[in-house]
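Following: one structure in structure tokens, then a few remarks.
Residue numbers (this note's numbering): 787 to 1165.
Now the structure itself:
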């Protein structure tokens, strides 16, 4: 895990965004696998300003300027959408700051690249929850996010991580990592390797349909975990979708699949004790109802047909990614200990096994969602 930047670096970055403004406090924000993030308080002529600073991981995002171009397009479009409805977008959409020169990215003396966003106060995220209302709200936020962006042409956005959900590429990367065995770890995970190899035939189903035009290309978030939605601390209402680095053209099925994978589990994705890891149908029901509440009328027949399959595919894909990183020596995901990615892999395998066992139930639930008149309300 990389160390927290020196205070002098953080103060330098703040000075570029907010010249001559006093910094009152800085604290780290530890959640998230990819970037380094801190929260800062600055004193401005209009009062105290809460700011989030983020150093972009250039190993994952080698073109930060393209990432920011996407984010600014998306946030502007969302702001206009809320304003057209007479709603205040301040707590609904992320707001990024520019320097006095108009730059949204700042280079520090050590070569790091930073951005700054307004911190939405009175809000929180969840890593996991037992509260079905929260699950419904998170899913509704992601569905609404995608619905509002439907009028923003997807091909105008950069592909910030090329072939991010190209499952065949993930399979090929996995096979290469097994063959190379750079860290001599393959022998100890032979069972996991064989489990993933047996499901190779699933890899091309969605990507082939997209390439052939049988599935529509939409603007997708591509990281629809529960902790990427801010909720109001008092009311529990979903406020804002965050972590927009991977917003780019893709399939609605990717977002739905990853939402179910991450939020219908009874445990965190790095749970060590597999007896605690289950795919929970009651959670799935609330997530499906929330996500589809804004999108039900926009889905194509093939999207409906593949909706129950999507969580299985994305769970399989994520298991591939975790095990590939483990075999390569943990070069992509932040790890806290040597077997962190292996434990992540095993939770995904456990989830996938239970999803396969309950596939028929998932299909029945989604079929009922097509005509459920109460879909937009938590129940």
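Glycine included, C-beta positions come from ideal geometry on N, C-alpha and C.
Please state if the CB of residue j and the CB of residue i are separated by a distance shorter than 8 Å.
i, j, result
"residue 1076", "residue 931", "no"
"residue 1135", "residue 1105", "yes"
"residue 847", "residue 946", "yes"
"residue 1103", "residue 944", "no"
"residue 1243", "residue 858", "Limits of the chain in this structure are 787 at one end and 1165 at the other, which puts residue 1243 out of reach."
"residue 968", "residue 1114", "yes"
"residue 1213", "residue 860", "Summary: the structure shown does not reach residue 1213, with the chain confined to residues 787 through 1165, and so no result is reported for it."
"residue 1201", "residue 1037", "Lying before the first or after the last residue shown, residue 1201 is absent from the chain, which here runs from 787 to 1165."
"residue 1233", "residue 821", "Absent from the structure is residue 1233, since the part of the chain shown begins at 787 and ends at 1165."
"residue 812", "residue 793", "yes"
"residue 956", "residue 990", "no"
"residue 929", "residue 1078", "yes"
"residue 1047", "residue 1100", "yes"
"residue 899", "residue 850", "yes"
"residue 1164", "residue 1068", "no"
"residue 1032", "residue 1008", "yes"
"residue 758", "residue 1088", "Nothing about residue 758 can be read from this structure; the chain reaches only from 787 to 1165."
If I follow the unbroken beta strand (DSSP E) through residue i, where does it start and stop?
i, result
"residue 1036", "1034-1036"
"residue 979", "Not the beta strand (DSSP E): residue 979 falls in the alpha helix (DSSP H), residues 976-983."
"residue 839", "833-841"
"residue 1027", "1024-1027"
According to DSSP, is residue i part of a helix, a strand, or is it coil?
i, result
"residue 1155", "helix"
"residue 1160", "coil"
"residue 809", "strand"
"residue 942", "helix"
"residue 1019", "coil"
"residue 787", "Bear in mind that the predicted position of residue 787 carries a pLDDT of just 41, short of 50, making it too unreliable to give a figure here."
"residue 1004", "strand"
"residue 948", "coil"
"residue 867", "helix"
"residue 1086", "coil"
"residue 1146", "helix"
"residue 1061", "helix"
"residue 882", "strand"
"residue 1124", "coil"
"residue 1068", "helix"
"residue 850", "helix"
"residue 937", "helix"
"residue 1051", "strand"
Could you give the first and the last residue of the continuous alpha helix (DSSP H) run that contains residue i?
i, result
"residue 906", "Neither: residue 906 is in no alpha helix (DSSP H) and is coded neither H nor E."
"residue 799", "793-803"
"residue 826", "No alpha helix (DSSP H) holds residue 826; the beta strand (DSSP E) holding it covers 822-830."
"residue 916", "From DSSP, residue 916 is part of no alpha helix (DSSP H); its letter is neither H nor E."
"residue 896", "Careful: residue 896 lies outside any alpha helix (DSSP H) and carries neither H nor E."
"residue 1081", "Unbroken run through residue 1081: none, as it is neither H nor E."
"residue 958", "953-966"
"residue 995", "991-997"
"residue 1103", "1096-1114"
Measure the beta-carbon distance from residue i to residue j and round it to whole angstroms, keeping in mind my assumption that it falls under 8 Å.
i, j, result
"residue 1132", "residue 1025", "Residue 1132 to residue 1025, Cβ: 34 Å. No contact."
"residue 992", "residue 1054", "The pair is not a contact, with the Cβ atoms about 26 Å apart (cut-off 8 Å)."
"residue 1137", "residue 1051", "6 Å"
"residue 925", "residue 1152", "Their Cβ separation, rounded to whole angstroms, is 13 Å, which puts residue 925 and residue 1152 out of contact at 8 Å."
"residue 1064", "residue 965", "Rounded, the Cβ-Cβ distance is 33 Å, inconsistent with contact."
What I want to know is whether the C-beta of residue i ends up closer than 7 Å to one or more non-hydrogen atoms of the ligand ADP.
i, result
"residue 1138", "Ligands are entirely absent from the displayed structure, and the ligand ADP is therefore not among its contents."
Can we say the segment 890-901 touches the segment 791-804, given the rule of at least three CB pairs closer than 8 Å? yes
For the 8 Å Cβ check, are there 3 or more pairs between the segment 970-979 and the segment 1074-1093? no
Would you be able to state if there are at least three C-beta pairs under 8 Å between the segment 1089-1104 and the segment 1040-1049? yes
Counting pairs of Cβ atoms below 8 Å between the segment 955-966 and the segment 1107-1119, do you hit three or more? Short answer: they touch.
Stretch pair the segment 1015-1031 + the segment 1050-1059: three plus CB contacts closer than 8 Å: no
Taking contact to mean 3 or more Cβ pairs, one atom from each stretch, closer than 8 Å, check whether the segment 905-913 and the segment 832-850 are in contact. By the Cβ criterion, the segment 905-913 is in contact with the segment 832-850, since at least three pairs of Cβ atoms, one from each stretch, lie closer than 8 Å.
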